[in-house]
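J.: Residue numbers for the sequence shown follow numbering that gives the first Met the number 0, beginning at 0 and rising by one. Glycine is no exception: its CB is placed at the ideal position from the N, C-alpha and C atoms. I'd like to ask you about the structure that follows.
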Amino acid sequence: MNKVIIINGPSCAGKTSIAKEICRQSGNKFAHLQIDRTAEYSGTIFPQGFEFAKNEVGTESNDDGQSLFNNNRLARRKIVASILLATSRELLNQGISVVIDTALDGPDAKDLAIYYLKYLKNYDTKFIGIYCPLEERFKRLKTRTDNLHLTEDFVRKQTEVYNVFELNKDLYHTWFDSSKLNAEQIAAKILNDDKSIEIDKITLRSSIKSDIDNLVTLSKMKRLNYEKAQPIFWRYAGEGGDNKQKEWFTELLEKQDYLMLTAEGKDKEIMGFIIGRLIPAPEVYDPGGLTLMIDDFYVKSETLWKTVGSELLEKIKLEAKSKAAVQILVVCGAHDEPKRKFLIGQKLTIASEWFVGAV
């Protein structure tokens, strides 16, 4: 699945080095986007002196590129962020993962962070903080030749005026101290943290009769959660409904137009399952073959979508293709953000939606 890693921290904390290491260690599977380079590019789009917003009287000069922020500067930053994020999203939609390095300072730092996260909410996104003590950053500044605009005063203000690291600390998935770990070590930890389950410890197989009780239990967990979003449409039918589902799942094991797969972890624990039915399209449509309709598709925890879920989906697609299927159709609740994000990451698109209401 395509991934987004956002690295936030002050200047001279090592963000760019970490981002480059992520690209290298991943086998160059990430594109690297920088807020500084995006700002430079925006300067080629807008003429010098372009007014992004009206300044309050007396604040016209509060645009020093450091700790002073007027309305125009704040609006310009939002535009630059939009260019960066739009580029990221287009790359993701083209199947390319991205690592973004940025420095969120100023009075709008948290607003910008939330803007980043909301803009990329449909992708597998991690927000990483990088801390580095001020004195260590001063030492690194003396060895830098790539940014002649950086000064000790600027580096200090990113800690003492608007602390880039601390302002968004509550939003980070995790953070690292780059004075204690080098770029290679931090990149390795970021990439390894993404492997919450070793795929080789998961066995995918056709479902069997002894699985049924566990499959119904997983299904029940999902239905109870869905009931909270739509209390009437997904109202739980009680133990009688569970028993009916056991009978139905057992019957499906023998049906030739159904595919049922179970994901089994260590100690034979069932981690998820998927059921698909091969169906012809209505006569008014001609997709060129059968459709695999997937309604029952669950994993034990939402953190397993990108591992267990991905493996189940890929395997059932292969089996369906061998049976003349040309497309898949996966059902997902409108409120089920983890599953929706996963499906979008699998390059599936929304073809239809149901709207529910009382009569």
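1) Using the three-state DSSP reduction, which class does Ile6 fall into: helix, strand or coil?
2) Just the Cα atoms here: how many angstroms apart are Thr290 and Gly275?
3) With distance defined between alpha-carbon atoms, name the residue in Ser206, Lys141, Leu203, Ile127 nearest to Phe175.
4) So, do the region 73-89 and the region 32-49 have three or more beta carbon pairs nearer to each other than 8 Å?
5) Considering just the uninterrupted stretch of the alpha helix (DSSP H) at Lys245, what are its terminal residues?
6) So, at 8 Å on beta carbons, what are the nonlocal neighbours of Leu73 in its own chain, with the 5 sequence-adjacent residues on each side left out?
7) Need the endpoints of the beta strand (DSSP E) that Thr124 sits in, please.
8) DSSP has Gln33 in a bridge; who is on the other side?
9) Per the DSSP calculation, Val283 is bridged to which residue(s)?
10) Would you kindly work out how many angstroms separate the C-alpha atoms of Ile198 and Ala262, rounded to a whole number?
11) For Glu318, I'd like the list of residues in its chain whose CB is within less than 6 Å of its CB, leaving aside the five on either flank, ordered along the chain.
12) For the beta strand (DSSP E) holding Thr202, just list the boundary residues, first then last.
13) State buried or exposed for Asn191, treating a residue as buried only when at least 16 other CB atoms are found within 10 Å of its CB.
14) Could you spell out the range, first to last residue, of the beta strand (DSSP E) harbouring Ile274?
15) Near Leu91, which residues of its chain fall below 6 Å by C-beta distance, leaving aside the five closest residues on each side in sequence?
16) What number of angstroms, rounded off, separates the C-alpha of Leu312 from the C-alpha of Val3?
17) Quick one: grab the DSSP three-state call for Val298.
18) Would Asn242 and Asn7 be called neighbours here (beta carbons separated by less than 8 Å)?
19) Taking three-plus beta-carbon pairs below 8 Å as touching, is the region 130-147 in contact with the region 17-26?
20) Which same chain residues end up closer than 6 Å to Ser351 when comparing Cβ atoms and leaving out the 5 residues on each side of it in sequence?
21) In whole angstroms, give me the CA-to-CA distance for Leu149 and Asp35.
22) So, with DSSP's three-state summary, where would you put Gln93?
23) If you draw a straight line from the C-alpha of Thr152 to the C-alpha of Leu133, how long is it?
24) Quick one: what's Thr290 bridged to in DSSP?
25) Since I believe Ile211 is in contact with Lys245 (beta carbons under 8 Å), could you give me their beta-carbon distance rounded to a whole number of angstroms?
26) Let's see if you can read the secondary structure: which residues bound the beta strand (DSSP E) around Phe175?
27) Once you ignore the five residues that flank Val98 on each side, which residues in its own chain have a CB closer than 6 Å to its CB?
28) Around the C-beta of Asp295, are 16 or more other C-beta atoms found within 10 angstroms, so that it is buried, or is it exposed?
29) Which residues does DSSP pair with Met259 in a beta bridge?
30) Under a three-way DSSP split, which group does Glu135 fall into?
31) By Cβ distance, which residues of its chain are closer than 6 Å to Leu328, with the 5 residues on each side in sequence left out?
T.: According to the data block:
1) strand
2) Looking at the two C-alpha atoms, the distance is approximately 9 Å.
3) If we check each option's Cα against that of Phe175, Ile127 comes out closest.
4) yes
5) Residues 237-251.
6) Ala52, Gly105, Pro106, Asp107
7) 123-130
8) Asp100
9) Val283 pairs with nothing; no bridge assigned.
10) Any reading at Ile198 needs caution, since the residue's pLDDT is 40, under 50, leaving its predicted position unreliable; the model's value is listed next. C-alpha separation (whole angstroms): 10 Å.
11) Leu258
12) 202-205
13) exposed
14) 269-278
15) Asn1, Tyr122
16) 21 Å
17) strand
18) no
19) no
20) none
21) Their backbone Cα atoms lie some 12 Å apart in a straight line.
22) coil
23) For the sequence presented, residue 152 should be read as Asp rather than Thr. Taking the straight line from one Cα to the other gives about 11 Å.
24) Ile278, Gln326
25) 6 Å
26) Segment 173-176, the beta strand (DSSP E) holding Phe175.
27) Ile4, Ala18, Ile21, Phe29, His31
28) Burial check for Asp295: the Cβ neighbour count within 10 Å reaches 16 or more, so the residue is buried.
29) Ile274
30) helix
31) Once the five neighbours on either side are set aside, the close Cβ partners of Leu328 are Thr290, Met292.
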